[in-house]
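A.B. asks:
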Amino acid sequence: MKRVLSGIQPTADSFHLGNYLGAIRQWVDLQNSHDAFFAIVDLHSLTVETDPKLMQERTLKSFAQLLAFGLDPNKCTLFLQSHIHQHNQLAWIMECLAGFGEASRMVQFKDKSLKAGDARTNVGLFTYPLLQAADIMLYQADLVPVGEDQRQHIELTRNLGQRFNSRYGETFVIPEPLILKSGAKINDLQEPKAKMSKSASSPSGLIDILDQPEINAKKIKSTVTDTGREVTFDEINKPGISNLLTIYTSLTAKSISDAEAEFDGKGYGDFKSAVATVVADYFSPIRVKTNELIANPGELCEIIEFGAKKAEQVAEQTLRKVYKQLGLLPRSLDEI
């Protein structure tokens with residue numbers, strides 16, 4: 002089986018609907034067809050100032066949610082990035098391979114640093130794609146499921162891997178991006194032409210999976226829509242209703258045309274109520290399972306440690322080969 006790797010940051014108290022439909026649901030399928038490695042990339046989240054206690058709580062919640070969604074530690078390797086010290090070590094190698102110019106051309110860095118300004122832009126934000134490259138190549142991943150916004154980072158990873166192989170001998174698998182066309186694009190409820198994101202200007206546009214049903218129902222019923230009544234899919238003229246149709250059909254497995262027919266002659270109120278009910282019913286067992294796991298931190302930490310041991314075996318093997326190719330002297334002369 003081809004190896005696949007992806008990660009997600011623990012930067013919020015709950016994953017939102019866009020996280021699930023855009024990525025995590027596909028991960029659950031990929032663990033059955035690939036040698037899958039999935040990481041909570043907590044080191045990446047340090048590019049913004051964090052509260053240590055909140056960081057720990059969110060990391061545990063993130064891990065628990067991934068288990069509740071259906072990721073199986075016996076089918077995939079599920080781990081915390083910070084538990085594998087080889088990520089940092091290989092990241093330094095990537096930093097020594099990369100040119101300043103190619104790193105500074107990364108669009109996400111330019112956008113975020115422009116918004117933050119020089120005084121508030123840390124070096125970690127600049128080297129973020131190089132740690133990401135290390136994440137991928139450490140596990141010799143064949144495929145990396147990403148959205149279009151991450152394609153440039155994958156190209157940088159490929160370039161660095163090819164550069165290392167050319168200079169020091171074949172060492173790294175050169176990964177290919179796996180653009181998940183089946184992943185639904187979920188937009189903000191209040192700004193339906195913008196992607197649903199934790200960086201949104203208002204939390205009222207997010208559907209957080211661990212929120213109580215009545216909270217999400219209120220948000221859905223307050224979704225920005227046009228002045229008409231017809232429930233039809235038209236992203237140009239009806240972006241709000243189109244976004245809700247995407248959510249509804251993604252969680253019910255109905256087609257857009259079937260959903261349009263179902264609500265033909267009904268108003269926005271009936272449709273929004275139906276979407277709220279579907280969201281509540283779909284995520285209720287996941288919320289319950291997540292809370293059960295969080296209530297048993299000992300069991301949860303055992304699962305986390307199990308994943309770390311699996312990941313570390315692969316990571317250490319790769320790093321040893323990298324060091325040998327570079328001519329770095331091993332601690333034991335028997336390894337020369």
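Letter 1 of the sequence shown, counting from 1, is numbered 2 in the numbering used here, and no numbers are missing.
C-beta: ideal position from N, C-alpha, C; glycine also.
1) Quick one: which unbroken beta strand (DSSP E) runs of 3-plus residues sit fully inside the region 46–106? Chain order, please.
2) Within 10 angstroms of its Cβ, does P178 collect 16 or more other Cβ (buried), or is it exposed?
3) Determine the burial state of Q87: buried for a count of at least 16 other Cβ atoms within 10 Å of its Cβ, exposed for fewer.
4) If the criterion is Cβ atoms closer than 9 Å, does the pair K220 and I237 meet it?
5) Below 9 Å between beta carbons: does that hold for T224 and K273?
6) So, at 6 Å on beta carbons, what are the nonlocal neighbours of M95 in its own chain, with the 5 sequence-adjacent residues on each side left out?
7) Rounded to the nearest angstrom, what separates T78 and A275 at their Cα positions?
8) For a minimum of 4 consecutive residues, which ranges assigned as the alpha helix (DSSP H) are wholly contained in the region 265–322?
9) On a Cα-Cα basis, can you pick out the residue from P176, A99 and A281 that is closest to A218?
10) Between which two residues does the beta strand (DSSP E) holding A40 run?
11) Is the beta carbon of V315 closer than 9 Å to that of Y169?
12) Between the region 293–307 and the region 240–256, do at least 3 Cβ pairs fall closer than 8 Å?
13) Could you tell me the boundaries of the alpha helix (DSSP H) in which L245 lies?
14) Note down, in chain order, each residue of its chain lying with its Cβ closer than 6 Å to the Cβ of I304, except the 5 sequence neighbours on either side.
15) Taking the alpha carbon of G241 as the point to measure from, which residue in I155, L98 and N188 has its own alpha carbon closest?
16) Rounding to the nearest angstrom, what Cα-Cα distance links R164 and S83 in this structure?
17) Tell me which residues share the same chain as Y21 and place their Cβ nearer than 8 Å to its Cβ, disregarding the 5 neighbours each side in the sequence.
18) Please report how far the alpha carbon of Q27 lies from the alpha carbon of L6, in whole angstroms.
19) How would you call A99, buried or exposed, if buried means at least 16 neighbouring beta carbons within 10 angstroms?
20) For L157, tell me which candidate among K194, K186 and Q109 has the shortest Cα-Cα distance.
21) How far does the beta strand (DSSP E) with R4 in it reach, from first residue to last?
22) Put E236 into one of helix, strand or coil per three-state DSSP.
23) Let me check you understand the geometry: is the CB of E261 closer than 8 Å to at least one non-hydrogen atom of the ligand HEM?
24) Using only the alpha-carbon positions, how far apart do P11 and L81 sit?
25) With a threshold of 16 other CB atoms inside 10 Å of the CB of V323, please say whether the residue is buried or exposed.
C.D. replies: In this structure, then:
1) 78–81
2) buried
3) buried
4) no
5) yes
6) L131, A134, A135 and L161
7) 37 Å
8) 269–295
9) A281
10) D36 to I41
11) Cβ distance not < 9 Å, so Y169 and V315 don't count as in contact.
12) no
13) P240 to T253
14) P74
15) Measuring from the Cα of G241, the nearest candidate turns out to be N188.
16) 26 Å
17) Once the five neighbours on either side are set aside, the close Cβ partners of Y21 are F70 and I210.
18) 12 Å
19) buried
20) With respect to the C-alpha of L157, the residue from K194, K186 and Q109 having the closest C-alpha is Q109.
21) R4 to I9
22) Correct three-state label for E236: coil.
23) This structure lacks the ligand HEM, and indeed carries no ligand of any kind.
24) 10 Å
25) buried
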